[in-house]
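Reading through the structure tokens given below for one structure.
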Amino acid sequence: TSPRVSSAAAARPVGTEPTIFSRIIARSVPATILYEDDECLVFRDVAPQAPVHFLVIPKRPIPRLSRVGPQDAQVRGDGSQAPLPQLLGHLMVVAA
29 TSPRVSSAAA
39 ARPVGTEPTI
49 FSRIIARSVP
59 ATILYEDDEC
69 LVFRDVAPQA
79 PVHFLVIPKR
89 PIPRLSRVGP
99 QDAQVRGDGS
109 QAPLPQLLGH
119 LMVVAA
């Protein structure tokens, strides 16, 4: 890792403040929602860089993929757990 990446990672603990994404999920920030299910939310980008530009985000915070482990299994609505690779695959299918 570069020194800039290391210093940015150490600057503030991840997950200590609400993000713009968590605020959109909570509906405290307006967004044009295109799709939603138990695991993800899809909405239009407010400053699109392409004719079709939307964001697909997990409802569960994933601050850094580099720190994901077995403890990060997705808990489904029925209480069962889906491993993170299944969640990431779901996000890709929804985006397609």
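Heads up: the sequence shown runs through residues 29 to 124, numbered per the numbering used here.
Note that CB positions come from ideal geometry on N, CA and C, so glycine has one too.
Relative to the C-alpha of residue i, which residue among the options is closest?
i	options	result
phenylalanine 82	Thr47, Arg51, Ala59, His118	Ala59
threonine 47	Cys68, Gly107, Val121, Pro91	Pro91
leucine 93	Arg55, Arg72, Pro113	Pro113
Measure the C-alpha to C-alpha separation of residue i and residue j and round it to an integer number of angstroms.
i	j	result
arginine 51	valine 57	6 Å
arginine 88	glutamine 77	26 Å
arginine 95	aspartate 106	26 Å
arginine 55	valine 80	23 Å
leucine 65	phenylalanine 49	One point to set straight first is that residue 65 is aspartate, not leucine, in the sequence displayed. When rounded, the distance between both Cα atoms is 15 Å.
Please go through the same chain and pick out, in chain order, the residues whose beta-carbon is closer than 7 Å to the beta-carbon of residue i, but skip the five residues on each side of it.
i	result
tyrosine 63	Val70, Val122
proline 86	Glu67, Cys68, Leu115, Leu119
isoleucine 53	Leu69, Lys87
valine 84	Cys68, Val70, Leu119, Val122, Ala123
Can you list, in chain order, the residues of its chain with a C-beta nearer than 6 Å to that of residue i? Leave out the 5 residues immediately preceding and following it.
i	result
arginine 72	Thr60, Phe82
* Which parts of the region 55-85 are runs of the beta strand (DSSP E), unbroken and 3 residues or longer, counting only runs that do not cross its ends? -> 61-64, 68-72
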